[in-house]
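Working notes for the structure below.
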RNA sequence: CGGGGCAUGGCGCAGUCUGGUAGCGCAUCUGGUUUGGGACCAGAGGGUCGCAGGUUCAAAUCCUGCUGCCCCGACCA
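In our numbering, the protein residues as written are 30 to 598.
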């Protein structure tokens, strides 16, 4: 591809709408353009990168034995009514009517369609297991699309669905997909982690997210620095402290703390660390009563964990101030566990504090020197908090670090939720109908491109990993219009690299060197060859490596072999 | 959906408070000089100032309504 024939310009100014780096660079480098909120056109340069991602995914899906299909984006409402999601899905599901007033949806996902296909086509256990996938445009009417293509409303997803006669086969298929996913992201040279995830409302036995690590990521994940353990923050287990609680050394006392309601205020006023305080949260129980949840002052409640406790309302709901007053005799800010009559559940860490500070259950007062067992009964222990940096890893090896990630893939075992709703059955060996087990495996293809940039850039622009680069090599000419020798040499080089099967972008514009170098860095093509009169005289070319910034003179003969030795794929 | 903000040429912005008929940088086009890190000179084109009403002799500017977009929050197989 000759840049002189490429009509789309790069841009110096950062468009004001772009907040994250990948979005800024994608606009500036001319990979995408916005059409409406969360809806983007992929320009040629961006599309080539997108195709690279798609093709790696296809190759690995095929290798894992999956079969590509293409399902419709527009789906009849009846299928969604049959699965129950017509009611459940909410406004994120884009609904529309055709001219006959029949209801349709623009598919945000394809469980219904694929399950419908499976129940029509799959009749016998002998046809199982089967795995169908597609690379296709989805639409989800996100509340707040943002970060460009990272969280768009329309996006391209690879979604795969596997069908099995029993749970064992599903587990096996799931494991295969897990392997395939790891291979894909490794081939893309992304720094990623498979992360244990909450199965959420969908249920099922196992679920993992594939997270590309990046500071701008929307998800917090806990990773061990000692092994490959990684879990979504919602799910990461906080182990009970290894050291036993210290013996009481202070007497319980009531102190006046007028106006101090938060842990930070109380700790500052009393000159203690937040870790010496215990905070008490009153939430609704599932029986009309309230429950007190206790956390160490420096810890945060993990709502997913709390919600799973028996006796707690789901979804988790903080009790109203009136109910708090009725249950404790005090207002939020001055509540403590001493003397409470409601059920009390304490985080392991909260139970490990001696001589702690807590609310006194009366206005403008707190208690100090409080001790479990002596001043109040030992409470029920549970894991209630978010893990924090430095917590021991649940895997038993290493400490946890909290990092941020971009969820690019999600695999999970659906079980029979959809196959039951849509009656997708096959006959087993005994000729009896059995409901199929399903697995579901997604990758946000468009999001992967943004994530790759998020992880691979510098202040000058994109640094494509070799396998994702729109082009492998960029040729830049110096003095293009004036030097016939340069032009001829570069044309010949362009032709020969092309013949060698290398994907080449050729900057043959009549532009100043600075313009070309700056664009080269913005576009991020990994390998660059500079053709100029200087080198031609000596029979050399200048080779530049985008990532390392390296710069070397190489013999013009044997460029192809030289480049191949530098490709990292 | 709640809170905040923005809307002026392709992009980034000024002008709005204090009404007087639109400007800067980048980009684009023409000619010339330049050419190994975003050149310079001269010239040119391009905007019903988001839309609709209203006030006024006069509205980008004041008032009302609407629309779109951005940010924060709630939400997110």
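Here a beta-carbon is modelled for each residue, glycine too, at the ideal position from N, C-alpha and C.
All values derive from a computational prediction rather than experimental measurement.
Bridge-paired residues (DSSP) for residue i
i: residue 122; result: Answer is none; residue 122 lacks a bridge partner.
i: residue 571; result: 559 and 582
i: residue 184; result: 167
i: residue 410; result: 375
i: residue 392; result: Note: residue 392 sits in no beta bridge, so no partner.
i: residue 535; result: 31 and 504
i: residue 210; result: Note: residue 210 sits in no beta bridge, so no partner.
i: residue 346; result: None; residue 346 has no bridge partner.
i: residue 397; result: 282
i: residue 193; result: 466
i: residue 178; result: BP columns for residue 178 are empty, so no partner.
i: residue 320; result: 312 and 372
Where residue i falls, given that 16 or more other Cβ within 10 Å makes a residue buried
i: residue 480; result: buried
i: residue 81; result: buried
i: residue 129; result: exposed
i: residue 451; result: buried
i: residue 460; result: exposed
i: residue 183; result: buried
i: residue 41; result: exposed
i: residue 147; result: buried
i: residue 202; result: buried
i: residue 366; result: buried
i: residue 455; result: buried
i: residue 286; result: buried
i: residue 125; result: exposed
i: residue 174; result: buried
i: residue 422; result: buried
i: residue 50; result: buried
i: residue 97; result: exposed
i: residue 137; result: buried
i: residue 355; result: exposed
i: residue 145; result: buried
Residue span of the beta strand (DSSP E) that contains residue i, given as start and end
i: residue 257; result: Note, residue 257: premise wrong, no beta strand (DSSP E); not H, not E.
i: residue 388; result: 385–388
i: residue 30; result: Premise fails: residue 30 is in no beta strand (DSSP E) and is neither H nor E.
i: residue 442; result: 429–444
i: residue 41; result: From DSSP, residue 41 is part of no beta strand (DSSP E); its letter is neither H nor E.
i: residue 336; result: Not the beta strand (DSSP E): residue 336 falls in the alpha helix (DSSP H), residues 332–337.
i: residue 237; result: 236–242
i: residue 268; result: Note, residue 268: premise wrong, no beta strand (DSSP E); not H, not E.
Sequence-distant residues of the same chain with beta carbon closer than 6 Å to residue i, five excluded per side
i: residue 407; result: 401
i: residue 282; result: 397 and 398
i: residue 164; result: 83 and 187
i: residue 290; result: 362
i: residue 75; result: 60 and 61
7 Å CB neighbourhood of residue i in its chain, flanking five on each side removed
i: residue 94; result: 160
i: residue 489; result: 550 and 551
i: residue 497; result: 78, 81, 82, 217 and 481
i: residue 109; result: 115, 134 and 141
DSSP-derived helix/strand/coil call for residue i
i: residue 449; result: helix
i: residue 148; result: helix
i: residue 110; result: helix
i: residue 35; result: coil
i: residue 528; result: helix
i: residue 201; result: helix
i: residue 105; result: strand
i: residue 470; result: strand
i: residue 66; result: coil
i: residue 160; result: strand
i: residue 52; result: helix
i: residue 461; result: coil
i: residue 493; result: coil
i: residue 420; result: coil
i: residue 329; result: coil
i: residue 482; result: helix
i: residue 522; result: helix
i: residue 247; result: coil
i: residue 95; result: coil
Terminal residues of the alpha helix (DSSP H) in which residue i lies
i: residue 218; result: Note, residue 218: premise wrong, no alpha helix (DSSP H); not H, not E.
i: residue 544; result: 542–552
i: residue 594; result: 588–595
i: residue 82; result: 73–92
i: residue 299; result: 292–299
Same chain, Cβ closer than 8 Å to residue i, neighbours up to 5 away in sequence not counted
i: residue 18; result: Within the shown structure, residues of the chain are numbered from 30 to 598, placing residue 18 beyond reach of any answer.
i: residue 533; result: 30, 500, 501, 502, 503, 504, 523, 526 and 527
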